[in-house]
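> Structure provided below as structure tokens; questions to follow.
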Amino acid sequence: MSEKHSTPRGFWKGMTSPLVLLIVFLGLAPLFSTHPFYRHVLTLAFLFAFLAEAWNLISGYGGLFSLAHAAFFGVGAYTTAILYVDLKISPWVGLPLGGVLSVVVASFIGFATFRLRQFFFVLSTMACAEAIRALFGYWRLGVKTGLGTTIPWNAGFMNLTFKNELPYTYIAFALLIIVVVVARFVTTSKVGYYLRAIKDDEDAALSMGVRTPRVKLMIFGMSAFFTAVGGGFYAMYMGYIEPNTVFNIDLMLQYILYAIVGGMATIAGPIIGSIILVPLMIFFQGFIGGKMASLGFFIYGIVLIFIIIMAPGGFMQGIRSLSKKIFRKARLASQ
Amino acid sequence: MMVEVILQLTISAVLTGIIYALMAIGLNLIFGVVRIINFAHGEFLMLAMYVTYWVFRWFGLDPYLSILISVPLFFFIGILIHQGVLRHLLDGPEESQVIATFGLALALRHGAALVWSTDHRSAKSAVADKILNIGFITLDYPHLIGAILSGMLIAALFIFLYYTYLGRAIRAIADQRTAAFTAGINVGRIYYIAIGLGLACVAFCGAFIIPFESVFPTIGRNFTLLCFVIVVLGGMGNLWGCLLGGIIIALIEMMVGFFLAPVLTTFAYFVLFLIIVSVRPAGLLGTKGRMI
Chain A
139 MSEKHSTPRG FWKGMTSPLV LLIVFLGLAP LFSTHPFYRH VLTLAFLFAF
189 LAEAWNLISG YGGLFSLAHA AFFGVGAYTT AILYVDLKIS PWVGLPLGGV
239 LSVVVASFIG FATFRLRQFF FVLSTMACAE AIRALFGYWR LGVKTGLGTT
289 IPWNAGFMNL TFKNELPYTY IAFALLIIVV VVARFVTTSK VGYYLRAIKD
339 DEDAALSMGV RTPRVKLMIF GMSAFFTAVG GGFYAMYMGY IEPNTVFNID
389 LMLQYILYAI VGGMATIAGP IIGSIILVPL MIFFQGFIGG KMASLGFFIY
439 GIVLIFIIIM APGGFMQGIR SLSKKIFRKA RLASQ
Chain B
138 MMVEVILQLT ISAVLTGIIY ALMAIGLNLI FGVVRIINFA HGEFLMLAMY
188 VTYWVFRWFG LDPYLSILIS VPLFFFIGIL IHQGVLRHLL DGPEESQVIA
238 TFGLALALRH GAALVWSTDH RSAKSAVADK ILNIGFITLD YPHLIGAILS
288 GMLIAALFIF LYYTYLGRAI RAIADQRTAA FTAGINVGRI YYIAIGLGLA
338 CVAFCGAFII PFESVFPTIG RNFTLLCFVI VVLGGMGNLW GCLLGGIIIA
388 LIEMMVGFFL APVLTTFAYF VLFLIIVSVR PAGLLGTKGR MI
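Chains as they are written, first to last, in my numbering: chain A, 139 to 473; chain B, 138 to 429.
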């Protein structure tokens, strides 16, 4: 947690850092094996890293623990799916449109909840998410195709539907790159300073002239936009959605967990968390499966408790303290 | 006809609301005294319902009698949970409490699914099938007994909190932690008792609810949210607020479920929650800064 208070460096500085190496490595990773399942795991890992990174923007850097992201995800997924299925509009239009729509939703939620203290904020965002889920469930009940929406399979770039796995993997990777660059840009900019100031002490930041509602709303909106894009991609990738899956809080909890385990308020944290935990999750859900499918979530719950009690900084904190130790030893050895 | 329906719904809602209130009071105790935001509250209710169910299955004990086993058990579980998890979160930021208790909820929910599968299970009390007719009002015994017992327990809890040394110590800590500490109250020990009591309330509710609602692993989250809504609606740390909040929420649930659609009940009470939180964050009966 020590890093979060340190001053952010310039945008271009440290571009040869381990983070960049990690991303380059991940970019090459889909080529290591041509097995579709391997690439499927990577696609999901990238997608969840993308979502975790988006959530981390407001909740890690901004310290606003939001549970409304389930709603943004669902709004994005449904906008893309409905536009594509009912109106035959390309998902490439649907993704950003879903993003914009969820920014609108986010600003409503923001207006309602930003004045609230931490605990009330968490609860209210959850209430918003659940309320929107209920509303969608009610709305979709009347649709003649049943509760869920199936996306017709019609391969083609404009339809964001492909015959094989690789394009999906690289689109997810591209999304991840975009959010990493944006996160890097935001956190090294003035707004990033404001956001940290708000996280440390909102009243102090306000009295120093930071327009706290505006900054919070801006980052919240940004986070919502990316989450909705992720939701849209998820809908196209999975081919079937229904209110209880895309608005599910457990789905959101997954990427929140990846961000926490990896390390909140760091850029590499959510990526590392996803890369490690997504394959584990798929293993638990897919391989063990059936009756034991709950085992993954059970272990997740235990991990969450342990992380918070033992190492609240997550994986990144461990890496940092380890590298510090190694550096100190190296320096002592050279003296 | 309309009047009769509304009267019927209102009476049913009041009965359910009183049971909800007891559940919410458990959450309120933990939040007010220990200042821990317990997102696993509903999961503990789920667990209590399972305990009641299994006691019923194994020993054939009536759900209302199983409280003799489940309540002490849950008091003890509360102490264990505080020792193992919550104790470490006391001075941490609120977000870490949220994350950890969320983790606890996740582990309990999926642990239950793992051990007991996702089947719906229900335990019938000997009096469960009977129905009481008063004029045109129809009451079922499970709701009636649950509400009466809950009401008695709430009254007992009130007496305990206001007229015994321990109860006063609990309220003192809720009011002013530091002052209570300097006055010589063993704050650390009271925390254990408060959490134990909070979960004991949940254990009672589990026994009262299972005769009319079957248990399955994911039932908890709805109840967690329900409890939070009730607590916030009535006012943090206010016993009577919980009672009022419980009845209002149950009324909304009944009315919206009957006149609009059952799917929309969640929507309705979350909208109410958001309105309350933005208009009067202290709740209907809450006074600012006062807990329990």
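Glycine residues also receive a C-beta, built at the ideal position from the N, C-alpha and C atoms.
For clarity, every value in this text was computed on a predicted model and none was experimentally measured.
Exposed or buried, residue 220 of chain B, counting other C-beta atoms within 10 Å across all chains shown (16 or more means buried)?
In the second sequence, the residue the question calls residue 220 of chain B occupies position 83. Exposed: under 16 other Cβ atoms inside 10 Å.
> What residues in the segment 237-266 of chain B bring their beta carbon closer than 8 Å to a beta carbon of chain A?
Going along the segment 237-266 of chain B in chain order, one finds 237, 239, 240, 241, 242, 243, 244, 245, 246, 247, 248, 250, 251 and 254 with a Cβ nearer than 8 Å to chain A.
> Is there a Cβ from chain B that is less than 8 Å from the Cβ of residue 455 of chain A?
As a working note, residue 455 of chain A is residue 317 in the first sequence. Closer than 8 Å: no.
> For the segment 204-236 of chain B, enumerate the residues whose C-beta is nearer than 9 Å to any C-beta of chain A, in chain order.
So the close ones are 221, 222, 225, 226, 229, 230, 231, 232, 233, 234, 235 and 236.
> Name, please, each residue of chain B whose Cβ falls closer than 8 Å to the Cβ of residue 260 of chain A.
Taking the first sequence and counting its residues from 1, the one referred to as residue 260 of chain A is at position 122. Neighbours of residue 260 of chain A on chain B, chain order: 174, 231, 232 and 235.
> Verify whether the separation of the beta carbon atoms of residue 272 of chain A and residue 403 of chain B is less than 8 Å.
Sequence index remark: in the first sequence, residue 272 of chain A carries index 134 (1-based). Sequence index remark: in the second sequence, residue 403 of chain B carries index 266 (1-based). It is a contact, given that the beta carbons lie within the stated cut-off.
> Using three-state DSSP, classify residue 352 of chain B as helix, strand or coil.
On the second sequence, position 215 is the one that residue 352 of chain B refers to. Three-state DSSP puts residue 352 of chain B in a strand.
> Under 6 Å Cβ to Cβ from residue 151 of chain B, same chain only, skipping five residues before and after it: list those, please.
In the second sequence, the residue the question calls residue 151 of chain B occupies position 14. The answer, listed in chain order, is 384.
> Quick check: the Cα distance between residue 391 of chain A and residue 268 of chain A, rounded to an integer number of angstroms?
Start at 1 with the first residue of the first sequence, and residue 391 of chain A comes out as number 253. Start at 1 with the first residue of the first sequence, and residue 268 of chain A comes out as number 130. Between residue 391 of chain A and residue 268 of chain A, the C-alpha separation is close to 14 Å.
> Please confirm whether residue 235 of chain A and residue 221 of chain A have their CB atoms less than 8 Å apart.
As a position in the first sequence, residue 235 of chain A is number 97, starting the count at 1. As a position in the first sequence, residue 221 of chain A is number 83, starting the count at 1. In this structure, residue 221 of chain A lies closer than 8 Å to residue 235 of chain A by Cβ.
> When you compare only the Cα positions, how much space is there between residue 413 of chain A and residue 393 of chain A?
Taking the first residue of the first sequence as position 1, residue 413 of chain A is located at position 275. Taking the first residue of the first sequence as position 1, residue 393 of chain A is located at position 255. So the alpha carbons of these two residues sit roughly 11 Å apart.
> Tell me which residue opens and which closes the alpha helix (DSSP H) that residue 296 of chain B is part of.
The residue labelled residue 296 of chain B in the question sits at position 159 within the second sequence. Its alpha helix (DSSP H) spans residues 278-300.
> Residues bridged to residue 378 of chain A by DSSP?
Within the first sequence, numbered from 1, the residue matching residue 378 of chain A stands at position 240. Answer is A/288.
> Taking any Cβ of chain A, which residues in the segment 398-417 of chain B have a Cβ under 7 Å from it, in chain order?
Listed by position, the residues of the segment 398-417 of chain B near chain A (Cβ gap below 7 Å) are 398, 400, 401, 403, 404, 407, 408, 410, 411, 414 and 415.
> Would you list, in chain order, the members of the segment 352-366 of chain B that have their beta-carbon closer than 7 Å to a beta-carbon of chain A?
Under the 7 Å Cβ criterion, the segment 352-366 of chain B contributes 362 and 365.
> Tell me where the beta strand (DSSP E) around residue 270 of chain B begins and ends.
Residue 270 of chain B sits at position 133 when you count from the first residue of the second sequence. Here the beta strand (DSSP E) through residue 270 of chain B covers 268-271.
> To which residues of the same chain is residue 156 of chain B closer than 7 Å at the C-beta, ignoring the five residues directly before and after it?
By 1-based counting over the second sequence, the position of residue 156 of chain B is 19. Around residue 156 of chain B: 283, 284, 287, 342, 345 and 346.
> CA-CA distance, residue 169 of chain A and residue 419 of chain A?
By 1-based counting over the first sequence, the position of residue 169 of chain A is 31. By 1-based counting over the first sequence, the position of residue 419 of chain A is 281. Those two C-alpha atoms are separated by around 22 Å.
> Does the Cβ-Cβ distance between residue 421 of chain B and residue 363 of chain B come in under 8 Å?
The residue labelled residue 421 of chain B in the question sits at position 284 within the second sequence. The residue labelled residue 363 of chain B in the question sits at position 226 within the second sequence. Cβ distance not < 8 Å, so residue 421 of chain B and residue 363 of chain B don't count as in contact.
> Suppose you measure from the CA of residue 467 of chain A to the CA of residue 461 of chain A; what does that come to, to the nearest Å?
For the purposes of this step, residue 467 of chain A is taken as the residue at position 329 of the first sequence. For the purposes of this step, residue 461 of chain A is taken as the residue at position 323 of the first sequence. For residue 467 of chain A and residue 461 of chain A, the distance between alpha carbons rounds to 10 Å.
> Roughly how many angstroms lie between the CA atoms of residue 397 of chain A and residue 205 of chain B, to the nearest whole one?
Position 259 of the first sequence, counting from 1, holds the residue named residue 397 of chain A. Position 68 of the second sequence, counting from 1, holds the residue named residue 205 of chain B. Approximately 43 Å between the Cα atoms of the pair.
> If you reduce the DSSP assignment to three classes, tell me which class residue 139 of chain A lands in.
Here the question's residue 139 of chain A lines up with position 1 in the first sequence. With a pLDDT of only 42 at residue 139 of chain A, under 50, the local geometry of the prediction cannot be trusted, and the value read off the model is given with reservation. The answer is coil: DSSP assigns residue 139 of chain A none of H, G, I, E or B.
> Verify the contact flag: residue 261 of chain B, CB atom, against every heavy atom of the ligand COA, threshold strictly below 7 Å.
Within the structure as shown, the ligand COA is missing, as the structure has no ligands at all.
> Taking residue 202 of chain B as the reference, give the member of B/177, B/272, B/298 and B/261 with the closest Cα.
In the second sequence, the residue the question calls residue 202 of chain B occupies position 65. Nearest of B/177, B/272, B/298 and B/261 to residue 202 of chain B, Cα basis: B/261.
> Have a look at A/290, A/350, A/343 and A/458 and flag the residue whose alpha-carbon is nearest the alpha-carbon of residue 407 of chain A.
In the first sequence, counting from the first residue as 1, residue 407 of chain A sits at position 269. Closest by alpha carbon: A/458.
> For residue 186 of chain B, which residues in the same chain have their Cβ closer than 6 Å to its Cβ, ignoring the five residues on either side in sequence?
Translated into the one-based positions of the second sequence, residue 186 of chain B becomes position 49. Cβ neighbours of residue 186 of chain B beyond the five flanking positions: 343, 347 and 352.
> Report the three-state DSSP secondary structure of residue 275 of chain A (helix, strand or coil).
The residue you call residue 275 of chain A lines up with position 137 of the first sequence. Note: residue 275 of chain A maps to helix in three-state DSSP.
> Which of the three DSSP states is assigned to residue 365 of chain A in this structure?
By one-based count along the first sequence, residue 365 of chain A stands at place 227. Residue state, collapsed to three classes: helix.
> Taking contact to mean at least 3 C-beta pairs separated by less than 8 Å, is the segment 244-261 of chain A in contact with the segment 197-217 of chain A?
Judged by Cβ distances under 8 Å, the segment 244-261 of chain A makes contact with the segment 197-217 of chain A, as three or more pairs qualify.
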